[in-house]
Amino acid sequence: MDLKTRLEQLRRENQKRIKDTNDLDALNQIRVNLLGKKGPITEVLRGMKDLKPEERPKVGAYANEIKADLQENLQNRKDALEQAALTAKLATETIDVTLPGDQVVQGTPHIIDQIMDDIEEFFIGQGYQVVDGPEVEEDHYNFEMMNIPKDHPARDMQDTFYIDDQLLMRSQTSPVQARTLEVHDFSKGPLKMISPGRVYRRDTDDATHSHQFNQIEGLVIDKHITMADLKGTLLALAQHVFGKDRQIRLRPSYFPFTEPSVEVDVSCFRCNGKGCAICKYSGWIEVLGAGMVHPNVLTNAGVDADVYGGFAFGLGPDRFAMLKYGIDDIRSFYQGDVRFLSQFKEEG
Ligand code: PHE
């Protein structure tokens, strides 16, 4: 077979092989075999030495033409196979953008925390500081400093978990006020504070009682603080929490640490004072206790009660939440049932 025929044959054979190859690795193998040093084309070129000199350039040119032709075939086939592989890959990885997405469950702060945060922000806006204190407290701060000595009948008002003679679970957040009052430097200005937090009482849990609940107590001490300041502060608070049309009224009451003491009612936010089931047809709802700080409380903390005086109040965020959202069982706040808690999505 002359070289030209051999080259023709090589072209035909390899064009077919390239066309029939469906695999990139196999295609690469064909390329290496065909064009490599030991490949058939090199072999043909080597055989040119036996040709007559005038034939060599013709056969050489023809060999190069066929080589270039096959290279092009290889490249085209390679491109086609790569394109096919990409198309197949894209087909398996299609994303259906119309499918509904996976729901991400977003949590929300506990409803009591939401109420407490809101009330804290209200008081911070009025220039109060927010003070924390220990939940395991000394009898001294929880009771003695608050003008409730041992064996005083007022101790019965707050049935307490004692740890030993000295230590107890605080039954109110008043001890935080006592601790702050004791160290406050009045030469630097008045004391305006709130103490929010958990308190504990030996109650049997039922729909309206929980052995653990929350309190926010407030204390303002300065010269010339009057009951009008107390009333104005509580009216602003009631309107902030229960709506701008609310009114409040004060009724005489008794607390050992305040004198005079009052019970504070807010006009019913449901019926606007006309009378409904929520306000038990009285038009008013009791929301907190307050009063003018008893001189003994000031003296106990080393504050001159002839110069300084002020007011204190205590409110229950649990009760506020129950009233505001019509919750009829205080235990719901502490059972951690997400179905209950997730109803109170944070606003905004
Ligand atoms: N500490 C009181 C209580 O738990 C609430 C209160 C505080 C009442 C301040 C009056 C003034 O009963």
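Numbering (the UniProt record's numbering), first residue to last: 1 to 348. Every residue, glycine too, gets a C-beta built ideally from N, C-alpha and C. Values in this document were obtained by computation on a predicted structure and should not be read as measured data.
What first and last residue would you give for the beta strand (DSSP E) that runs through residue i?
i, result
"residue 204", "Counting along the chain, residue 204 falls outside any beta strand (DSSP E), and DSSP gives it neither H nor E."
"residue 312", "309-315"
"residue 289", "284-293"
"residue 168", "167-169"
"residue 222", "212-222"
"residue 96", "Residue 96 -> no beta strand (DSSP E), and no H or E assigned at all."
"residue 303", "Here residue 303 belongs to no beta strand (DSSP E), and DSSP marks it neither H nor E."
"residue 262", "258-267"
"residue 32", "Unbroken run through residue 32 is the alpha helix (DSSP H), 24-35; no beta strand (DSSP E)."
Using 8 Å as the cut-off, classify the Cβ of residue i as near or not near the heavy atoms of the ligand PHE, replying yes or no.
i, result
"residue 217", "yes"
"residue 212", "no"
"residue 322", "no"
"residue 199", "yes"
"residue 242", "no"
"residue 157", "yes"
"residue 208", "no"
"residue 173", "yes"
"residue 257", "yes"
"residue 275", "no"
"residue 261", "yes"
"residue 289", "yes"
"residue 312", "yes"
Between residue i and residue j, which are expected to be in contact by the criterion C-beta below 8 Å, what is the C-beta distance as a whole number of angstroms?
i, j, result
"residue 126", "residue 173", "About 18 Å separates the two Cβ atoms, so there is no contact after all."
"residue 218", "residue 312", "6 Å"
"residue 67", "residue 41", "5 Å"
"residue 293", "residue 309", "6 Å"
"residue 156", "residue 203", "With 8 Å as the limit, residue 156 and residue 203 do not qualify as a contact, their Cβ atoms being about 13 Å apart."
"residue 148", "residue 256", "5 Å"
"residue 136", "residue 171", "No, residue 136 and residue 171 are not in contact; Cβ-Cβ is about 12 Å, not under 8 Å."
"residue 47", "residue 3", "6 Å"
"residue 111", "residue 341", "7 Å"
"residue 128", "residue 210", "About 26 Å separates the two Cβ atoms, so there is no contact after all."
"residue 201", "residue 133", "That belief does not hold up - the Cβ atoms of residue 201 and residue 133 are roughly 17 Å apart, past 8 Å."
Of the choices the options, whose alpha-carbon is the least far from that of residue i?
i, options, result
"residue 130", "225, 245, 177", "177"
"residue 14", "59, 49, 73", "73"
"residue 222", "186, 179, 233, 327", "186"
"residue 271", "116, 170, 281, 113", "281"
"residue 28", "339, 139, 71", "71"
"residue 378", "305, 334, 234", "In this structure the chain extends from 1 to 348, so residue 378 is not present and cannot be described."
In terms of residue numbering, what span does the alpha helix (DSSP H) encompassing residue i cover?
i, result
"residue 174", "174-183"
"residue 339", "338-341"
"residue 252", "Counting along the chain, residue 252 falls outside any alpha helix (DSSP H), though it belongs to the beta strand (DSSP E) covering 248-255."
"residue 229", "227-242"
"residue 121", "111-125"
"residue 136", "Segment 136-138 is the beta strand (DSSP E) holding residue 136; no alpha helix (DSSP H) there."
"residue 17", "3-20"
"residue 42", "40-46"
Comparing the CB of residue i with every heavy atom of the ligand GTP, is any distance shorter than 8 Å?
i, result
"residue 5", "Ligands displayed in this structure: the ligand PHE; the ligand GTP is not among them."
Original post:
Should the stretch 164-171 be called in touch with the stretch 185-196, which here means at least 3 C-beta pairs below 8 Å?
Top reply: no
Original post:
Are the stretch 241-257 and the stretch 275-283 touching by the rule of at least three beta carbon pairs closer than 8 Å?
Top reply: no
Original post:
For the 8 Å Cβ check, are there 3 or more pairs between the stretch 283-293 and the stretch 315-335?
Top reply: yes
**OP:** Indicate whether the contact test is met: 3 or more Cβ pairs, each with one atom in the stretch 37-54 and one in the stretch 89-98, closer than 8 Å.
**Re:** no
**OP:** Could you tell me whether the stretch 328-344 touches the stretch 78-96, using the rule of 3 or more Cβ pairs below 8 Å?
**Re:** no
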